[in-house]
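Please read the structure below before turning to the comments.
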Amino acid sequence: MYRKGKWIFVLPAFMILAMILYPFGVGVYYSFTNYRLIFPVIRFIGFRNYIDAILSQDFWYSLKITVFFTAMSLAIELMAGIGIAHLLSRKFKGIGIIRLLVFTPMMIPPVISSMIWKTMMAPDGVLNYLLSFLGAPKIQWLSSSDIALFSVALINVWIYLPFTTLILLSGLESLPQEPFEAAKVDGANSMQIFSYITLPLLKPFIILVILFRTIDSMKTFDIIFSTTKGGPIDSTRVLQLAIYEEGLKWNNMGYALSEIMLLWLMIYLFSQVAFKSFFGKGASS
Amino acid sequence: MMWTKRLILIFLYSIVLLFALFPIYWIILMSFKTPADVISHVPKFFFRPTFQNYRDIFTSTGFSIIKNLENSIIICSGAVVITLLAGLPASFALSRLRIKHGESLAFTILSFRFAPELAVILPLYVLFRKLNLYDTYVGLIWVYQLVTLPMFVWMMMSHYIEIPPEVEESALLDGASWWKIFWKIDTPMVMGGVAASTILSFVFAWNNFMFGLILSGEKTQPATVAALGFMSYEEVHWGKMAAASVLGMLPSIVLSSFFLRYLVKGLTMGAVKD
Chain E
-2 MYRKGKWIFV LPAFMILAMI LYPFGVGVYY SFTNYRLIFP VIRFIGFRNY
48 IDAILSQDFW YSLKITVFFT AMSLAIELMA GIGIAHLLSR KFKGIGIIRL
98 LVFTPMMIPP VISSMIWKTM MAPDGVLNYL LSFLGAPKIQ WLSSSDIALF
148 SVALINVWIY LPFTTLILLS GLESLPQEPF EAAKVDGANS MQIFSYITLP
198 LLKPFIILVI LFRTIDSMKT FDIIFSTTKG GPIDSTRVLQ LAIYEEGLKW
248 NNMGYALSEI MLLWLMIYLF SQVAFKSFFG KGASS
Chain V
29 MMWTKRLILI FLYSIVLLFA LFPIYWIILM SFKTPADVIS HVPKFFFRPT
79 FQNYRDIFTS TGFSIIKNLE NSIIICSGAV VITLLAGLPA SFALSRLRIK
129 HGESLAFTIL SFRFAPELAV ILPLYVLFRK LNLYDTYVGL IWVYQLVTLP
179 MFVWMMMSHY IEIPPEVEES ALLDGASWWK IFWKIDTPMV MGGVAASTIL
229 SFVFAWNNFM FGLILSGEKT QPATVAALGF MSYEEVHWGK MAAASVLGML
279 PSIVLSSFFL RYLVKGLTMG AVKD
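Shown next as structure tokens:
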């Protein structure tokens, strides 16, 4: 008797979803056409755009850049995140304030964080100035094609490390105490405890971090757009930036949309795998 | 031994805090510098502060940040109100009522969080031009649902799901409708969560850049896009850019610092509990 009543609750949200799904559907349709913004004569061309994208070097180049960017960010974030989460899980007076301060960067609009780092990473900027006291040479953070990708990944890390830490910290705090006490009684050292107890127990949370952060890094746009715009010499030309230019600068709407659909497909497949391991093995451990 | 361990710990905390806070400190410092102090060859930590940058971005003709801050407030509030109206009953239903295909619906809502923004923005760019929604508040509030709704529903589900079923069972026996249970019993129990999810949705919307960049023009440009504008001209206005950045990040920092712990709950509990 409540069946009808129940659906009313989800109807508004469903309508909004439909309004978002509609442009997405239009996008899928355009991706099978030769649609260009300047002469809007739309012709259906089947999988032509998709084949062109897969055969083009630009697509694979940007995909490679995006994957490198993601892998670098994720590796640093995970290692630093576990360490910082450990530090923040210690209990003492004032830890609340320290936590709040450490988490601040994730609340700032990423564009603004990127601009801040761009000013700091200027050749005569404060970052090189501070590092010079440690004896470091002047680094061309954003203007050398060898280093720029690492530099933007570093900005990515600064913005989202708090997020990673936050999840790992809540993971650490939710762990059962018994295995740790038992290990201490058995005389395990802290390195053994970490690798045989903490890490396996943290696994679901680590998977969660990998899931969120891989997907978000694969979609990176704000950081690159507000610092290097893809340069120098295309060394930071990540996928969403390349697709943005393809669609809105060169007006190849249909082609750009086929590339974005390919990116979404990859993200979707990845999230399926990650979700399975999160809900599957993760829930039981 | 005890002392060395303590020193190492203090050192580690300092490094972490320095890494997290120095950039923020630096941009605040820069927003009070004169152009000469900004471009000084050796970065300056001590200088005579000036309010000129703030005065400039508020009063300069043709480029006033006030309009953009206003735009951000209008767009984000509008987006959050709609998300609240649509998302609150939905998250209640998806976590409390057994709905046919409810789980796959919930998953569909969440999966929008993972979609590359351009997949929706590019076709919307075409549609908005046709429907005359380009550079309008209505259009932007519509597309901002992509940011606010999935996050809000996800966070709220994690709150509703914690209410013990007994609370509802007795009310149901008394003949209360689901609507009454939603409005009079369950929602009042999670008001803290509602407040936190609302504020955090606002912050996520405020921090967004891409939608405003592509779908807004002169009339509705949000603050994040405008702040980048100070950097994109031939001559970079560092001081003004810094002042605009400080104003752009202030609301987010202030609002979200109160509600951080709720975010963790939304991100972990909501996902861990099947």
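Residue numbers (the numbering used here), protein chains in the order written: chain E, -2 to 282; chain V, 29 to 302. C-beta atoms are modelled at their ideal positions from N, C-alpha and C, and glycine is treated no differently.
Relative to the C-alpha of phenylalanine 218/E, which residue among Pro107/E, Leu259/E, Met16/E is closest?
When C-alpha distances from phenylalanine 218/E are compared across Pro107/E, Leu259/E, Met16/E, the shortest belongs to Pro107/E.
Give me the DSSP bridge partner(s) of threonine 30/E.
For threonine 30/E, which the question treats as bridged, DSSP gives the partners Phe41/E.
Helix, strand or coil at serine 119/V according to DSSP, with G and I counted as helix:
For serine 119/V, the secondary structure class from DSSP, reduced to helix, strand or coil, is helix.
If the cut is a Cβ gap below 7 Å, which residues of chain V does leucine 266/E touch?
The contacting residues do not exist; leucine 266/E stays about 11 Å from chain V at best.
Between the beta-carbon of alanine 270/V and the beta-carbon of serine 100/V, is there less than 7 Å?
Contact check for alanine 270/V against serine 100/V fails: the beta carbons are separated by 7 Å or more.
C-alpha distance - isoleucine 94/V paired with methionine 259/V, whole-angstrom precision
So the alpha carbons of these two residues sit roughly 18 Å apart.
On the three-state DSSP scale, how would you describe aspartate 214/V?
DSSP places aspartate 214/V in the helix class (H, G or I) of the three-state scheme.
Taking alanine 147/V and isoleucine 257/E to be in contact with their CB atoms under 8 Å, please state how far apart those CB atoms are, rounded to whole angstroms.
Sure, about 5 Å apart at Cβ, within 8 Å.
Would you please verify whether the beta carbon of phenylalanine 56/E is less than 7 Å from any beta carbon of chain V?
Not one chain V Cβ lies under 7 Å of phenylalanine 56/E.
Where does tryptophan 247/E land, buried or exposed, given buried means 16+ other C-beta within 10 angstroms?
When all chains shown are included, tryptophan 247/E counts as exposed.
By the DSSP assignment, the alpha helix (DSSP H) with phenylalanine 230/V in it spans what residues?
From DSSP, the alpha helix (DSSP H) with phenylalanine 230/V extends over 219 to 235.
What would DSSP say about methionine 16/E, mapped onto helix, strand or coil?
Methionine 16/E falls in the helix class under three-state DSSP.
How would you list, in chain order, the residues of chain E whose beta-carbon sits under 7 Å from the beta-carbon of glutamate 197/V?
Simply none; closest approach about 14 Å.
If we cut at 7 Å on Cβ distances, does isoleucine 55/V have a partner in chain E?
Contact with chain E is found for isoleucine 55/V, since one of that chain's Cβ atoms lies less than 7 Å from the residue's Cβ.
When you measure from the CB of asparagine 153/E to every non-hydrogen atom of the ligand MG, does any distance come out below 6 Å?
Inclusion of the ligand MG in the displayed structure is not the case, the ligand content being empty and no account of it being possible.
Apart from the five residues just before and just after alanine 323/V, which ones in its own chain have a Cβ nearer than 7 Å to its Cβ?
Nothing in the structure corresponds to residue 323/V, since chain V is present only between 29 and 302.
Can you tell me whether proline 173/E is buried or exposed, with buried defined as 16 or more other CB within 10 angstroms of its CB?
Burial call: exposed.
Same chain only: Cβ atoms within 7 Å of valine 274/V, ignoring 5 sequence neighbours per side
Hits under 7 Å: Ile55, Ile56, Ser59.
Just tell me which of Leu155/V, Pro117/V, Ser42/V, Ala48/V has its CA closest to the CA of leucine 18/E.
Distance check between leucine 18/E and each of Leu155/V, Pro117/V, Ser42/V, Ala48/V places Leu155/V closest, using alpha-carbon atoms only.
Using a Cβ cut-off of 7 Å (strictly closer), state whether glutamine 189/E contacts chain V.
No, glutamine 189/E lies away from the interface with chain V (no Cβ there is under 7 Å from its Cβ).
Taking 7 Å as the CB-CB cut-off, is isoleucine 127/V touching chain E?
Closer than 7 Å: yes.
Contacts that serine 132/V makes with chain E (C-beta to C-beta distance below 7 Å)
The contacting residues do not exist; serine 132/V stays about 12 Å from chain E at best.
Specify, as a first and last residue, the run of the alpha helix (DSSP H) that histidine 83/E falls within.
Counting along the chain, the alpha helix (DSSP H) containing histidine 83/E begins and ends at 54 to 85.
By the criterion of Cβ-Cβ separation under 7 Å, what are the contact partners of serine 280/V in chain E?
The answer, in chain order, is Met104, Ile105, Pro106.
Compare the C-beta of threonine 252/V with all C-beta atoms of chain E and state if any pair is closer than 7 Å.
Cβ-Cβ to chain E under 7 Å: yes for threonine 252/V.
Residues within the region 77 to 107 of chain E neighbouring chain V, beta-carbon criterion of under 7 Å:
Going along the region 77 to 107 of chain E in chain order, one finds Ile81, Leu84, Ile95, Leu97, Leu98, Val99, Phe100, Thr101, Pro102, Met104, Ile105, Pro106, Pro107 with a Cβ nearer than 7 Å to chain V.
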